[in-house]
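Q:
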Amino acid sequence: MRKHDREKYELEHEALSLFLQLYNRTHRNCLSKTEKREMPDFLLRDQCGNQYGLEVAHLFTDHLQAMRLFGREGKKTSGRRQRETVLEKLNAQLKKKYEKWQNYNISFPCHLLIRIFSKELTAATIAHKQLYTAHNPYDKIWLLVHSSNEQEEWVLIEIG
Numbered sequence: 163m164r165k166h167d168r169e170k171y172e173l174e175h176e177a178l179s180l181f182l183q184l185y186n187r188t189h190r191n192c193l194s195k196t197e198k199r200e201m202p203d204f205l206l207r208d209q210c211g212n213q214y215g216l217e218v219a220h221l222f223t224d225h226l227q228a229m230r231l232f233g234r235e236g237k238k239t240s241g242r243r244q245r246e247t248v249l250e251k252l253n254a255q256l257k258k259k260y261e262k263w264q265n266y267n268i269s270f271p272c273h274l275l276i277r278i279f280s281k282e283l284t285a286a287t288i289a290h291k292q293l294y295t296a297h298n299p300y301d302k303i304w305l306l307v308h309s310s311n312e313q314e315e316w317v318l319i320e321i322g
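Using this note's numbering, you'd call the opening residue of the sequence shown number 163 and step up by one each time.
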């Protein structure tokens, strides 16, 4: 497995683990992973035997943050400042995932999970933001965000 693929695989599994932990803590009908796939990323099953797809995405504050996360600080970058806000990036990510849905050939409900690596968009601030949920093909959209600017604790928020 290539390094990039291995890193993506690890990030997806970490996000899935956080999602299942937080989801199962607050829902009676607990979910568990049954299979790693390509589209969607995971197949889940609830306690009643129902199947669900889970597409996982990650959102970074900027390119440099993503590089630091993967231990690539020493690489040269253009130094160009990102002009998009985290909210604009999130809305662009939502639109991209809605378009990706067109390629899915599944007969079960599918959820979208976006893990946000940003101190700007937290559980405290997300409720006040305008998120792009028009034309949403997913059964549910979940965001994994930090609980506040000071804490590293993850919180699961359903937005659609």
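Backbone N, C-alpha and C define an ideal beta-carbon position, used for all residues, glycine too.
From a predicted model like this one, the values you see are computed outputs, not experimental measurements.
Spell out the partners DSSP gives E320 in its beta bridges.
A: Locating residue 320 in the sequence shown gives position 158, counting from the first residue. In DSSP, E320 forms a bridge with W304.
Q: Buried or exposed for K259, please, with buried defined as at least 16 other CB atoms from any protein chain shown within 10 angstroms of its CB.
A: The count along the sequence shown starts at 1 and reaches residue 259 at position 97. Flag for K259 reads buried.
Q: Closer than 6 Å by C-beta to R277: which residues in its own chain qualify, once you throw out the five before and the five after it? Chain order, please.
A: For the purposes of this step, residue 277 is identified with residue 115 of the sequence shown, where counting begins at 1. Within the same chain, R277 has close Cβ partners A177, H220 and L306.
Q: Are the CB atoms of Y185 and L318 within a distance shorter than 9 Å?
A: In the sequence shown, the residue the question calls residue 318 occupies position 156. In the sequence shown, the residue the question calls residue 185 occupies position 23. Cβ distance < 9 Å, so L318 and Y185 count as in contact.
Q: Can you give the beta carbon distance from L206 to R199, rounded, assuming they're within the 8 Å contact cut?
A: Counted from its first residue, the sequence shown places residue 206 at position 44. Counted from its first residue, the sequence shown places residue 199 at position 37. The pair is not a contact, with the Cβ atoms about 11 Å apart (cut-off 8 Å).
Q: One question on the structure: do P202 and I268 come within less than 9 Å of each other, judged by their Cβ atoms?
A: For the purposes of this step, residue 202 is taken as residue 40 along the sequence shown, with counting starting at 1. For the purposes of this step, residue 268 is taken as residue 106 along the sequence shown, with counting starting at 1. It is a contact, given that the beta carbons lie within the stated cut-off.
Q: On the CB-based measure, 16 or more other CB atoms within 10 Å of its CB, does Y300 come out buried or exposed?
A: The count along the sequence shown starts at 1 and reaches residue 300 at position 138. With 16 or more Cβ atoms within 10 Å of its Cβ, Y300 is classed as buried.
Q: Relative to the C-alpha of N247, which residue among N298, E282 and K195 is closest?
A: For the purposes of this step, residue 247 is taken as residue 85 along the sequence shown, with counting starting at 1. Sequence check: residue 247 is Thr here, not Asn. When only C-alpha atoms are compared, the closest one is E282.
Q: Can you check DSSP and say which residues form a bridge with Y215?
A: What you label residue 215 is simply residue 53 of the sequence shown in a count that begins at 1. Looking at the sequence shown, residue 215 is not Tyr but Gly. Note: G215 sits in a beta bridge opposite L205 and C272.
Q: Out of F279, S194, S310 and H273, which has the shortest C-alpha to C-alpha gap to N298?
A: Within the sequence shown, residue 298 is the residue found at index 136, counting from 1. It is H273.
Q: Given this structure, state the Cα-to-Cα distance separating L182 from K262, to the nearest angstrom.
A: Within the sequence shown, numbered from 1, the residue matching residue 182 stands at position 20. Within the sequence shown, numbered from 1, the residue matching residue 262 stands at position 100. Cα to Cα, the separation comes out at about 23 Å.
Q: With a threshold of 16 other CB atoms inside 10 Å of the CB of H308, please say whether the residue is buried or exposed.
A: The sequence position of residue 308 within the sequence shown is 146, counting from 1. Classification for H308: buried.
Q: When burial is assigned at 16 or more other CB atoms within 10 Å of the CB, is S179 buried or exposed?
A: The residue given as residue 179 occupies position 17 in the sequence shown. That one is exposed.
Q: Taking only three categories from DSSP, how would you classify S309?
A: In the sequence shown, counting from the first residue as 1, residue 309 sits at position 147. S309: coil per DSSP, three-state reduction.
Q: Where does L221 sit, in a helix, a strand or coil, going by DSSP?
A: Within the sequence shown, numbered from 1, the residue matching residue 221 stands at position 59. Strand at L221.
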